[in-house]
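A short worksheet on the structure shown next.
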Amino acid sequence: MVVFSNRTQNKLVYMVQGTAQSREMVLLVKMEYVKNLLFSCVLLLSLELSLAFGDCGPEFGGKCSCQKGEYDGKNEQYIVNCTDTGFNDTSVLQHIPPQTQVLIFSGNNIPELPWNVFGTFNNYSQLRVVDMSNNKIREIRGKSYHRVGNVQRLLLNHNDLSISSADGSNHHHPRVFSSFINLMELHLTDAFADNTPDDLATDLHDIFVNSNLTQLTKLHLEQNEITRFRDPQVFCDLPKLMDLHLGDNLLRSLNFNITCLKHLRFLDLERNRMSGFSTEDLDILDSFPAQNRTFVIDLSGNHFICDCNIADLYAWLQKTHVQVRNKEMLRCHRGLPESNGGEPIMDLRQIQCAPKKTVAAGSDMQHKATAIVLGVLTVILFALLAAVIYMNRVQIKYRLTPILDTVSRKVQYTTIGKQDDPEMDV
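The sequence shown begins at 38 in our numbering and counts up by one.
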């Protein structure tokens, strides 16, 4: 039997107690770790469940949905949808999930986009579509969009954009789209403020050049009340442009250069104010299929005048290799003879020129109408003058009486003087 001294026994007891305490501490640490792990799992699970059911997080106030779905024919797209949510600023966009592929932020009230809409350090590498239509946006600052290098489609339809430096406030930021280095589609349908000045083309050209939109293939500019492009080279710095949509504007001619667009395949000019085309314009359109390039144009809903000036367009429609969309449906707005009005251009059987005498008669009628108007205005002027004189007759009489008396005396003195002259003998 082994007998330990008291000192040795005390050491053994201390060691046993220390081992027990260590085990207890280890157990406490493990329990704390398990608790934190369970908390993290619950938090992650709740986050996954909230995202699965469309909840984007507390910053969104339950106004938006964040979930996978179908967009533009593609399934399993992670979509953040904030449509008609009443936001007055873009602060929530700094909190969209990093896996977002499609952002729909429309129907809000955002007059001005501040710098760094998506935050300074966020990296949305999967973001492909940004739809900010119908937000009453008036100004987009030069650094509003940041870290959007993978975005391929940008929609700013139905806003009130001002991009001019001549509207009282300098809203011209030429590098506004410079961060969209891979942008392929730019949608600006009804995007600009009403009564946009004619130099819109110049401002757009500056943006296209300075934003370096070298990958852009589709450009939508419908419904912007564009009457003409003062800068004919407005689209020439978009080297990969394939589809140019200019429908529902006020264009009267093809006064912009399209020969510089080597990949152009579709030109939309429907529902403008075009009454016909010159032979030079028709030759330009024919130059595309001549280069073995498929080229489609839409001319529907224009105001074609089917008199003798339509002959070139009529002949061109019969023989061109350009694919004119619905060309059998192109109709005359009016024409000569008058029966041409409303008729399909392809079905015309006769066209007439306006006779010179008709022009002369019209000119005579215009002169007669002008003479009548001037005569009426003259009568009205004299009537007003007579009325003024009548209404102020007392004052006029008061002022004129001394003058008339003075004149009368002078006349009398002159007469008397002549009567007093002695007669001369001859």
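Heads up, the beta-carbon is just placed ideally off N, CA and C, and yes, glycines get one too.
Give the DSSP-derived three-state secondary structure of residue i in the structure shown.
i	result
Arg371	strand
Ile116	strand
Pro95	helix
Lys356	helix
Pro381	strand
Glu365	helix
Ser216	coil
Ile464	Residue 464 lies beyond the residue range present for the chain, which begins at 38 and ends at 463; the question has no answer from this structure.
Gly412	helix
Tyr108	strand
Leu258	coil
Thr250	Looking at the sequence provided, one finds Leu at residue 250 rather than Thr. Leu250: coil per DSSP, three-state reduction.
Val333	strand
Ser102	strand
His340	coil
Ser143	strand
Phe325	helix
Ile426	helix
Val129	helix
Ile177	strand
Leu80	Its pLDDT being 43, under 50, Leu80 is placed unreliably by the model, and nothing is read from it.
His183	coil
Val154	coil
His242	helix
Val167	strand
Phe419	helix
What separation, rounded to the nearest whole angstrom, lies between the Cα atoms of residue i and residue j?
i	j	result
Cys119	Phe142	5 Å
Asn219	Leu225	17 Å
Lys173	Ile147	6 Å
Gly179	Val154	11 Å
Arg289	Leu414	37 Å
Arg330	Phe341	27 Å
Trp152	Ala238	25 Å
Asp168	Asn159	19 Å
Val188	Leu150	18 Å
Arg267	Asp243	13 Å
Leu241	Ser170	19 Å
Asp318	Met311	12 Å
Pro392	Asn261	38 Å
Glu96	Gln360	51 Å
Pro269	Asp231	22 Å
Leu291	His300	18 Å
Leu250	Met221	8 Å
Thr443	Arg436	12 Å
Lys364	Gly106	39 Å
Thr136	Thr122	According to the sequence provided, residue 136 is Gln. The question's Thr does not apply to it. Each residue's Cα considered, the two are about 22 Å apart.
Asp335	Glu375	26 Å
Gly34	Phe314	Since the first residue of the chain shown is 38 and the last is 463, residue 34 is not available in this structure.
Is the beta carbon of residue i less than 9 Å from the beta carbon of residue j?
i	j	result
Asp197	Glu259	no
Leu350	Ile321	no
Glu380	Cys390	no
Thr357	Ser324	no
Leu373	Cys343	yes
Asn145	Asn125	yes
Gln138	Gln104	no
Gly98	Leu130	no
Leu278	Ala228	no
Within the same chain, show all residues whose beta-carbon is closer than 8 Å to that of residue i, passing over the 5 residues directly before and after it, in chain order.
i	result
Val246	Pro211 and Asp274
Phe214	Tyr182, Leu191, Leu220, Leu223, Ile244, Ser248 and Leu250
Leu316	Checking the sequence, you will find Thr at residue 316 rather than Leu. If we look at Thr316 and ignore the five residues flanking it on each side, its Cβ neighbours are Asp349.
Gln163	Tyr115, Pro135, Gln136, Thr137, Gln138 and Asn187
Thr127	Phe142, Ile147, Leu150, Pro151 and Val154
Using a Cβ-Cβ cut-off of 6 Å (strictly less than) and excluding sequence neighbours within five positions of residue i, which residues of its own chain qualify?
i	result
Gly284	Glu259, Asp305, Glu307 and Arg308
Ala352	none
Arg175	Pro148, Asp197 and Ser199
His282	His257, Glu259 and Asp305
Thr264	Leu287
Leu140	Val117 and Val167
Arg190	Val166 and Glu222
Asn339	Asn309 and Met311
Ser337	Glu307 and Asn363
Asp280	Lys255 and Phe303
Can you list, in chain order, the residues of its chain whose CB lies under 7 Å from that of residue i, leaving out five sequence neighbours each side?
i	result
Ser216	Tyr182, His183, Val185 and Gly186
Val333	Arg302, Phe303, Gln360 and Arg362
Ile433	Ile426
Gly94	His132
Phe293	Phe266, Pro269, Val271 and Phe272
Gln252	Asn219, Leu220, Met221 and Lys277
Leu354	Val361, Lys364, Ile382 and Met383
Examine chain D for any beta-carbon lying closer than 9 Å to the beta-carbon of residue i, and answer yes or no.
i	result
Asn194	Chain labels in this structure do not include chain D; a single protein chain is all it has.
Write down every uninterrupted run of the beta strand (DSSP E) in the segment 263-315 whose length is 3 residues or greater and which is fully enclosed by it, in chain order.
280-282 and 303-305
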